[in-house]
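Down below is the structure, laid out as structure tokens.
What follows is the structure in structure tokens.
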């Protein structure tokens, strides 16, 4: 289960999506997420699905690898569907005992499940096709206008990039700790919810210690290299838009316009 989380990981490949400017991918991810919430029309979700499948195909990242990340959110997905299915008021569709499934509840449950799945796949696709350094540069360049109002753009981009980079590292560390505890006789599968929660304590304590140790080592390494922030710093590979980036912006604008038209007209 731990190894199934794909957000924060990078999948190297020679694809059009990998070669796009990180600013394009960041904006595309934001636009895609927004498009999932501006309408509840099924046709819009079909358009979103076609757009997402096309991007996955162009990224050359195996679909099986991307879908593997959905295993980690299965419980959240199941709870979301159950709560919306049984707790939404409306026109009764199926009734048994004290439980009633309404037409509105079924529709909401389906839409919420699709939204969550699309959101995870879209976010994963961005991190799978963009290195942490590219993410940092893209965020900093994209948010650069905020520097005029004294917003520490470089520091914010750096923190977000480090947080994403630490996700796979901490997952790998968790997996090692779980294997070490299992070798000593620990059992994480037996018992009820309370017992399973208690069994996580031997994992969380060393994980937090390891995380703080890594953070301290990173801070000392940055200080040793005289890191002092973004003021006056130059880039080895400055970001520059190319022809394919402008084409990507046009495709993104067409996609967003299609979603808005569907939301307004249908």
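Residue numbers (my numbering): 3 to 268. For each residue, glycine too, the CB sits at the ideal point set by N, CA and C. Please read all numbers here as calculations on a predicted model, not as lab measurements.
To the nearest whole angstrom, what separates the beta carbons of residue i and residue j, a pair I think is in contact under 8 Å?
i           : j           : result
residue 43  : residue 262 : About 11 Å; that fails the 8 Å criterion.
residue 63  : residue 13  : 5 Å
residue 37  : residue 258 : 6 Å
residue 68  : residue 127 : 7 Å
residue 55  : residue 250 : 17 Å between Cβ atoms; not a contact.
residue 221 : residue 49  : At roughly 46 Å, the Cβ-Cβ gap does not stay under 8 Å, so residue 221 and residue 49 are not in contact.
residue 1   : residue 153 : The chain is shown from 3 up to 268; residue 1 falls before or after that span and cannot be answered.
residue 11  : residue 170 : 5 Å
For the beta strand (DSSP E) that contains residue i, what are its first and last residues?
i         : result
residue 1 : Here the chain has residues from 3 to 268 only, and residue 1 is not among them.
Buried or exposed for residue i, going by 16 or more other Cβ atoms inside 10 Å?
i           : result
residue 24  : buried
residue 93  : exposed
residue 31  : buried
residue 167 : buried
residue 136 : buried
residue 53  : buried
residue 86  : buried
residue 58  : buried
residue 187 : exposed
residue 229 : exposed
residue 107 : buried
residue 139 : buried
residue 144 : buried
residue 203 : exposed
residue 111 : buried
residue 47  : buried
residue 174 : exposed
residue 160 : buried
residue 252 : exposed
residue 236 : exposed
residue 34  : buried
residue 179 : buried
residue 130 : buried
residue 97  : exposed
With DSSP as the reference, please indicate the residues paired to residue i in a beta bridge.
i           : result
residue 102 : 97
Within the 7 Å Cβ cut-off, does residue i reach chain B?
i          : result
residue 32 : Absent from the structure is chain B; it holds one protein chain and no more.
Go to residue i, then tell me how far its alpha helix (DSSP H) extends in each direction, as first and last residue.
i           : result
residue 210 : 203–226
residue 163 : 155–185
residue 80  : 76–89
residue 35  : 24–37
residue 136 : 134–144
residue 247 : 245–267
residue 56  : 44–61
residue 65  : 65–69
residue 19  : 18–21
Note to self: Tell me whether the stretch 71–80 and the stretch 121–128 touch, counting them as touching only if at least three CB pairs, one residue from each stretch, are closer than 8 Å.
What the structure shows: yes
Note to self: Taking contact to mean 3 or more Cβ pairs, one atom from each stretch, closer than 8 Å, check whether the stretch 85–100 and the stretch 15–23 are in contact.
What the structure shows: no
Margin query: For the stretch 145–152 against the stretch 175–187, do three or more pairs of beta-carbon atoms, one drawn from each stretch, fall closer than 8 Å, so that the two count as touching?
Written below: no
Margin query: Would you call the stretch 239–256 in contact with the stretch 197–216, where contact means no fewer than 3 C-beta pairs closer than 8 Å?
Written below: no
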